[in-house]
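Novice:
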Amino acid sequence: MTAHQLILKQRAELLAVLCGGGNAEPLDCVLDLLLACEVLVWEDYLSIRVAEKPLCSNVRHLLDVVYDKGEDACSLFLAAMNQVIPEEQKAGLCFGKECAVVDKNRPDTATLTLLADRPVLVRKLRDNIDRALNALLTTGCFTIKDCDAVQLPVYTPSQQVRRLLDQVRFKGETAAKTLLQYLEQTETTRPNPEDKENHLSANCLLYQKKLRSSVAAQSHSLSTYGGTGRFSLDDIYTDSLLEVIDGSGETLTLGLEDVVGPLGTLNEEADTILVSGEAGSGKSTLLQRLHLLWAREALLTNTFLLFPFSCRKLNAEQRELSLKELLFLHCCWPDRGQDEVFQFILDHPNLALFTFDGLDEFKQGFTDEERHCCPTKQVPIPVLLFNLLQGTLMKGVMKVATSRPQAVGPSLKRYLRKEVLLKGFSPGGIDCFVKKHHSDPAMARRVIESLQANTGLLSLCHIPVFCWIVTKCHQELLGGQDVITQTITDVYLLVLQHFFQRKSPQSQGVLGKAWLEEHLDTVLKLGQLALEGLEASCYVFSGYELQRNGLTEKEVSQGFLIYCNDLSVTDCKRYEFLHITLQCFFAALYVVLNRNIDRSAVSRLFHPQYRQLSGLSQRCLGHCIDSSVEELESHVTETPNLQITAQFVSGLLSQRHHDLLLECCPIAVRERKVKQVVKSLSKGMQRHFKSIPRPVEGEKKSMHAMPSFVWLIKCIYEMQDNSIAQDTMAKLDVEHLKLTYCNIGPVECTALAYVLKYLRNPVGLQLDNNSVGDVGAEQLLPCLHICHSLYLRNNNISDEGIRKLLEKGMKCENFQKIALFNNNLTDACTQHFALLLKSKQNFLSLRLGNNNITSQGAEQLAEGLSYNQSLQFLGLWGNRIGDRGAEALAAALKNSTTLIWLSLVDNGVGSAGACALAKLISQGKTLEQLWLNKNCISREGVECLIEALKMNSSVQEVWLRGNNLSPEEEEELSKQESRLIF
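Count along the sequence shown from 1, then add 314; that gives the number in the numbering used here.
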C-alpha cells in the first residue's frame, strides 16, 4: 500500500494520535521534522499552526496539505509520525516502507538553517532559553517586549523555544546569526554556560566521567521489583502519566524532561522537587530512567554532576557525616583532587542535582527544627538530609525526592518547588509494558485479551507493580484459576504461587491444591521478618536477622528476598524484599496464619496510632540504629505500609480464600480474626460518619471523605463480602459524597462501586481532580444507579470512557447530572450525549467545559436537545463551537420550558451566534443566566441581545466580558440594558 493510501485509510487513527489528550506537542514535533526536510514551506506552517483554532482542526489541515503534496511528502510524514509518537500508541498503525534520506546541501543563510535544524534546536534550547533570550537582548536583536511574548507562562518550554525560533526568523538574518553563534559558544562551554571565564580542571572532568560511568552502571538494568540484570531498562521502561498542578489550579501533563524543568513551578525560591505516587507506581524506576539518560548525556544537559541517594541506604548509615563524605562515600569517590572537586560543587551549586529515592522509607519524619549550613561539619544523616531538602545547606542545588503522598507533611511542603504526581500507566502504557515483557507477540496478545476481559484486573494494572506481577505470572493467570483474579490479594497470591511453582521439585513444577500448606513454614518465617521490619520502619535485613528467623539458604533463594549490592560489605550481607508491597503481603500472611500471634495484632493494623514498640521490633532495629539513639527516640510507625498490610489481611480472610487457608489456620482462629477485621472496619467507618456536619439550611447533607475513608473502602472490597458492604452503607446517610483530590484511580473506583452500590438513597458522587480515566469510569458502572449526580472534572476521561458510562446512565432512573470539565472529550462523545438527552426526560444538568468540542459536536448535541424537555443547566465553556454551533444550540433550545442557565464562554462565538441566541432569549420563558464572556461578539451582536431582552423579563444576567467591544461601547451599551455585564 502506498503512503498516499495509508494516510487516507488511517486518517481517523492519525488524527486521534496527534490530538490525544489535547496536547499539541506531538503535532509540533511532526511539524518541526517536516519543516526540516522541506516537506512544508514556511507559509504551510503558518496556515497549519493557528493558535486560535482547535488542535483537531490544525491536524486535519496538516493531513490535507501533506496528502495534496504527493507520495514523497506522505512517506516523509509517516516517517516523522513513526519517530515522534510513543510505542504504546503505534499499535495498529502502519508507517509504510522506510524512506531513504536524501543528502541536501547545507542552507546558505542563517534563517534557513533555523528551519533545517529546527528539531535539534528545540531540544538544545529547551533548558537554557533564558540565556538565549539574554544573548538576543544584549545584542539588540530582541526587545524586552519580544522576550515577554516568548516566555508567556501559558506555553510549555518546548512551545517557548518554537516561539523564539519563529520570532528570530521574523527578525531576519542578524538575529538568526546571533542565536546560532550563541549555540556554538554554549557547545564549547556547556558545563558552565553562566560563567564563560570558568575553566574546568582535568580533575573535575575526570570525576564527571567516573560519576557518569558509575550512574550508568547502576541504572542500566531494572532494579525495582528485584531486577536481576535480565531486563535492560531500555528494553522494559514504559512511560507513566506525570501531572503537576500549577498556580491557577490547572492540571498540566509533563514529560520526563519536564520533571526538573520550570513547568508547574509554584515556589521559585525553593530547590526541592517532589515526585509523589502510591506504592508500586514506578517512582524508583522513573528516577532510575532519569539517572540513565543523564549518564548518556541525553537529558539534563545543563547538569554537570548528578548524585543519586537511596533513603533506604541512608537509613542504615549510623555514622555522622559531612556533606563531602555523603557525596563521595555514598555516590562516587574522586580518584584525585577530592578537595578541588568538592570546592567546584560548592562554587557551582546550579550545576549539580541530588536525587533522594524513597523519602517515605526514611525512619524519621521531616523536621526543620535543627538548622545546619556548614558543608564540612559532621552531623547525623537526618540533619544533613533535612537541611539539604529545605535549602539551608547547599542552596541552589536542585533536589528531586520521591515519596508516597501521605508521608509528606505540611512542614516539608513549604520547601517544595513543585510536586509532580506519578499516576501510573495509561491503557496504552499497559499494552506497551506487556508487549515489552513478552517477546512472543501471540503470548502478549493473550495476556492483553485476558486483562481486557477482566476489567477489575485491568484496573489494577494501571499501577506498574501490579502490571509487572500479572505479566510475570501469566501462566497462572491464563491457566484457569478456581477464583477469578480481581483483588490485590488475589494478585499477590498469584505471585506466591508463581515463585513456589518455579522452585517446585515436582514434575513440570505443578503445585497441588494444598500448595500453601506445603510451604507454610517458609511463609511464616518470611512473614515474621516482614512484620518486624514494618513495625520498626526497617526494609533492609542483615544475614544475621535472616538466620535468627530461621531462614535457610534454600528459602532465601526462592526469590522473595533479594541481595542488596549497594548496601552490602564483605563482612555483612544485606537483603530486602522484592518490593515493599511484597513485604506487606508477607506480614499479612503472618498475622493471618500464625496461630500464636498476639490477639491485638489485627486491631493494631487498623489503629496504628495505639501501637507500642514491641520486643520483635526492638530486635529488628538492632542493625539499623545505634543503641543510644534507640533509647532517646520514639519510632513512628509507617502508617501507609500498615494500611497496605491491613488490606491484605482483609483479603486473606475473605471467604473466597477459605479453602486455601483451611489446613493452614484453624477455623476458630480464622473466624476470630474475621470478626476483629469486621469490627475494626465498622469502627473506622463510624468515626467518619460521626464527623459529618449538620447541613446548613437550604444545602444538602454532605460528607467530604478523607484518604483513610478510601482505604477502609478498599479493605471492605478485599473481603468481597456483600453483607459487610451492605451493613456499612446502611449507616451512611448523606446526599452528597465528596472525594476530590483523593488520588482516586481505577483501583479505587472498583472498590468504591462495590461498596456504594448498597447505598439506600441516591447520592451525588464528586470525584473531581483525580485519576479516574476510562477504565475507572467503567469500574463505576455498578454504582451508577444510585448516583443522581456524577462529577468527574479533570480526570483524563476520553470519548470511549464516556460512551460506556452513558450507555449505563440511560438505564438509570436516578441519574440526572454529570460534570466533565477539563477531560479529553471530542465531537465523538456528543452523539452519546444526544442519545442520553433524547431518552432521559428527567436529566437536569450537562457540563462539558474545557474539552475539544467543535461546531460539529454542538450540532449533534443540538439534535438531542431538541427532543429534551427537562434540562436546566448546559455548560460548554472553553470549547470551540463557534457561530455555527451557537446557532444550532439556540435553534434546539428555543422551545425549552426548563433551561435556566447556559454557558458558552470562550467558544469563538461572534455576532452571528449572538443574534441566534437573541432569538432564544426572546422566545424562551425560563432562561435566567446566559454566559458569553471571552468570545468575538461585536456591537451588532450585543444590540441583537438588547432587543431580545426587551421582550423577556425573566433573564437576570447576560455576561459579555472580553468581547470585541471598546470601553466606550461597553459603557454605552450597559446604559441601554442594565442586565448586560461587561
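Every residue, glycine too, gets a C-beta built ideally from N, C-alpha and C.
State the DSSP-derived secondary structure class of residue 430, mapped to helix, strand or coil.
Specialist: One-based indexing of the sequence shown puts residue 430 at position 116. Reduced to three states, the DSSP call for residue 430 is helix.
Novice: Determine the extent of the beta strand (DSSP E) in which residue 590 is found, giving its start and end residues.
Specialist: Translated into positions along the sequence shown, residue 590 becomes position 276. If you look at residue 590, you'll find it in the beta strand (DSSP E) that goes 586–590.
Novice: Residue 471 to residue 1267, Cα distance in whole Å?
Specialist: Within the sequence shown, numbered from 1, the residue matching residue 471 stands at position 157. Within the sequence shown, numbered from 1, the residue matching residue 1267 stands at position 953. Near 50 Å, if we compare the C-alpha coordinates of residue 1267 and residue 471.
Novice: What is the rounded straight-line gap between the Cα of residue 829 and the Cα of residue 838?
Specialist: Within the sequence shown, the letter at position 515 stands for residue 829. Within the sequence shown, the letter at position 524 stands for residue 838. Each residue's alpha carbon lies about 14 Å from the other.
Novice: With the cut-off set at 8 Å, would you say residue 735 and residue 590 are in Cβ contact?
Specialist: Taking the first residue of the sequence shown as position 1, residue 735 is located at position 421. Taking the first residue of the sequence shown as position 1, residue 590 is located at position 276. The answer is yes: Cβ separation under 8 Å.
Novice: On a CA-only basis, which of 1247, 490, 1295 and 901 is nearest residue 453? Give me that one, please.
Specialist: As a first step, residue 453 is located in the sequence shown; it is residue number 139 there, counting from the start. If we check each option's Cα against that of residue 453, 490 comes out closest.
Novice: For the region 902–917 and the region 850–863, state whether three or more C-beta atom pairs, one from each stretch, are separated by less than 8 Å.
Specialist: no
Novice: Restricting to Cα atoms, I'd like to know which of 409, 776, 846 and 1176 is closest to residue 387.
Specialist: Numbered from 1 along the sequence shown, position 73 holds the residue referred to as residue 387. Distances from the alpha-carbon of residue 387 to those of 409, 776, 846 and 1176 put 409 closest.
Novice: Measuring CA to CA, which of 815, 698 and 1242 is closest to residue 684?
Specialist: Position 370 of the sequence shown, counted from the start, is the residue given in the question as residue 684. Nearest C-alpha to residue 684: 698.
Novice: Does residue 1172 pass the burial test, meaning 16 or more other C-beta atoms within 10 Å, or should it be called exposed?
Specialist: Reading the sequence shown from its first residue, position 858 is the one you call residue 1172. Classification of residue 1172: buried, given that the 10 Å Cβ count is 16 or more.
Novice: Can you list, in chain order, the residues of its chain with a C-beta nearer than 8 Å to that of residue 1290? Leave out the 5 residues immediately preceding and following it.
Specialist: The count along the sequence shown starts at 1 and reaches residue 1290 at position 976. Result list for residue 1290: 1260, in chain order.
Novice: Measure the alpha-carbon distance for residue 609 versus residue 1131 and round it to whole angstroms.
Specialist: Here the question's residue 609 lines up with position 295 in the sequence shown. Here the question's residue 1131 lines up with position 817 in the sequence shown. Between residue 609 and residue 1131, the C-alpha separation is close to 52 Å.
Novice: What residues in its chain sit with their C-beta under 6 Å from that of residue 530, if we drop five residues either side in the sequence?
Specialist: In the sequence shown, residue 530 corresponds to position 216, counting from 1. Result list for residue 530: 609, in chain order.
Novice: So the beta strand (DSSP E) residue 1243 belongs to, where does it begin and stop?
Specialist: Position 929 of the sequence shown, counted from the first residue, corresponds to residue 1243. That run of the beta strand (DSSP E) goes 1243–1245.
Novice: Would you mind sorting residue 782 into buried or exposed? The rule is 16 or more other CB atoms within 10 Å of its CB.
Specialist: Taking the first residue of the sequence shown as position 1, residue 782 is located at position 468. It is buried - the Cβ of residue 782 has at least 16 other Cβ atoms within 10 Å.
Novice: Could you spell out where the alpha helix (DSSP H) holding residue 1260 opens and where it closes?
Specialist: Sequence index remark: in the sequence shown, residue 1260 carries index 946 (1-based). Per DSSP, residue 1260 belongs to the alpha helix (DSSP H) from 1253–1263.
Novice: Would you list the one or two residues that DSSP bridges to residue 877?
Specialist: For the purposes of this step, residue 877 is identified with residue 563 of the sequence shown, where counting begins at 1. According to DSSP, residue 877 bridges with 889.
Novice: Could you check if residue 798 is buried or exposed, using at least 16 other CB atoms within 10 Å of its CB as the buried criterion?
Specialist: Counting from one through the sequence shown, the residue named residue 798 turns up at place 484. With fewer than 16 other Cβ atoms within 10 Å, it is exposed.
Novice: Where does residue 618 land, buried or exposed, given buried means 16+ other C-beta within 10 angstroms?
Specialist: Position 304 of the sequence shown, counted from the first residue, corresponds to residue 618. So residue 618 ends up on the buried side.
Novice: Start and end of the beta strand (DSSP E) containing residue 706?
Specialist: Reading the sequence shown from its first residue, position 392 is the one you call residue 706. Segment: none, residue 706 is in no beta strand (DSSP E) and carries neither H nor E.
Novice: Decide yes or no for the touch test of the region 991–1005 against the region 1022–1038: beta carbon pairs closer than 8 Å, at least 3 of them.
Specialist: yes
Novice: For residue 430 and residue 476, I'd like the C-alpha separation in whole angstroms.
Specialist: To locate residue 430, count along the sequence shown from 1; it is residue 116. To locate residue 476, count along the sequence shown from 1; it is residue 162. Their Cα atoms are separated by approximately 13 Å.
Novice: For the alpha helix (DSSP H) containing residue 1130, name the first residue and the last one.
Specialist: Indexing the sequence shown from 1 puts residue 1130 at position 816. Per DSSP, residue 1130 belongs to no alpha helix (DSSP H) and is neither H nor E.
Novice: Could you check if residue 315 is buried or exposed, using at least 16 other CB atoms within 10 Å of its CB as the buried criterion?
Specialist: In the sequence shown, counting from the first residue as 1, residue 315 sits at position 1. The residue in question, residue 315, is exposed, as its Cβ has fewer than 16 Cβ neighbours within 10 Å.
Novice: Indicate whether the contact test is met: 3 or more Cβ pairs, each with one atom in the region 1075–1087 and one in the region 544–554, closer than 8 Å.
Specialist: no
Novice: Could you tell me whether the Cβ of residue 1119 comes closer than 8 Å to any Cβ of chain C?
Specialist: No chain C is present in this structure, which holds just one protein chain.
Novice: Which full runs of the alpha helix (DSSP H) of 4+ residues lie inside the region 637–679, going along the chain?
Specialist: 637–644 and 652–661
Novice: Going by the DSSP bridge assignment, what does residue 1215 pair with across the sheet?
Specialist: Numbered from 1 along the sequence shown, position 901 holds the residue referred to as residue 1215. DSSP, once it has assigned bridges, lists 1187 and 1243 as partnering residue 1215.
Novice: Compare the Cα-Cα distances from residue 867 to each of 836, 1217 and 854 and report the closest residue.
Specialist: The sequence position of residue 867 within the sequence shown is 553, counting from 1. Of 836, 1217 and 854, the residue nearest in Cα terms is 836.
Novice: Have a look at residue 940 and residue 857 and give me their C-alpha separation to the nearest angstrom.
Specialist: Here residue 940 is taken as the residue at index 626 of the sequence shown, counted from 1. Here residue 857 is taken as the residue at index 543 of the sequence shown, counted from 1. At residue 940, the pLDDT of 39 sits below 50, so the modelled position is not reliable; the number obtained from the coordinates is stated separately. If you take the alpha carbons of residue 940 and residue 857, they lie about 18 Å apart.
Novice: Excluding the five sequence neighbours on either side, which residues of its own chain have a C-beta within less than 6 Å of the C-beta of residue 788, listed in chain order?
Specialist: The sequence position of residue 788 within the sequence shown is 474, counting from 1. Closer than 6 Å at the Cβ level, and outside the excluded window around residue 788, lie 761.
Novice: Less than 6 Å between C-beta atoms, sequence neighbours within five positions excluded: which residues of the same chain meet that for residue 1053?
Specialist: Within the sequence shown, numbered from 1, the residue matching residue 1053 stands at position 739. Contacts found: 1019 and 1081.
Novice: Going straight from the alpha carbon of residue 1217 to that of residue 1192, what length do you get?
Specialist: Taking the first residue of the sequence shown as position 1, residue 1217 is located at position 903. Taking the first residue of the sequence shown as position 1, residue 1192 is located at position 878. Their backbone Cα atoms lie some 9 Å apart in a straight line.
Novice: DSSP three-state label for residue 523, please.
Specialist: Here the question's residue 523 lines up with position 209 in the sequence shown. Of the three classes helix, strand and coil, the one that applies to residue 523 here is helix, per DSSP.
Novice: Taking residue 854 as the reference, which of 1210, 893 and 834 has the closest Cα?
Specialist: Looking up residue 854 in the sequence shown gives position 540. The option with the nearest alpha carbon to residue 854 is 893.
Novice: Any chance you could list the alpha helix (DSSP H) runs of at least 4 consecutive residues sitting entirely within the region 553–632, in chain order?
Specialist: 597–609 and 625–629
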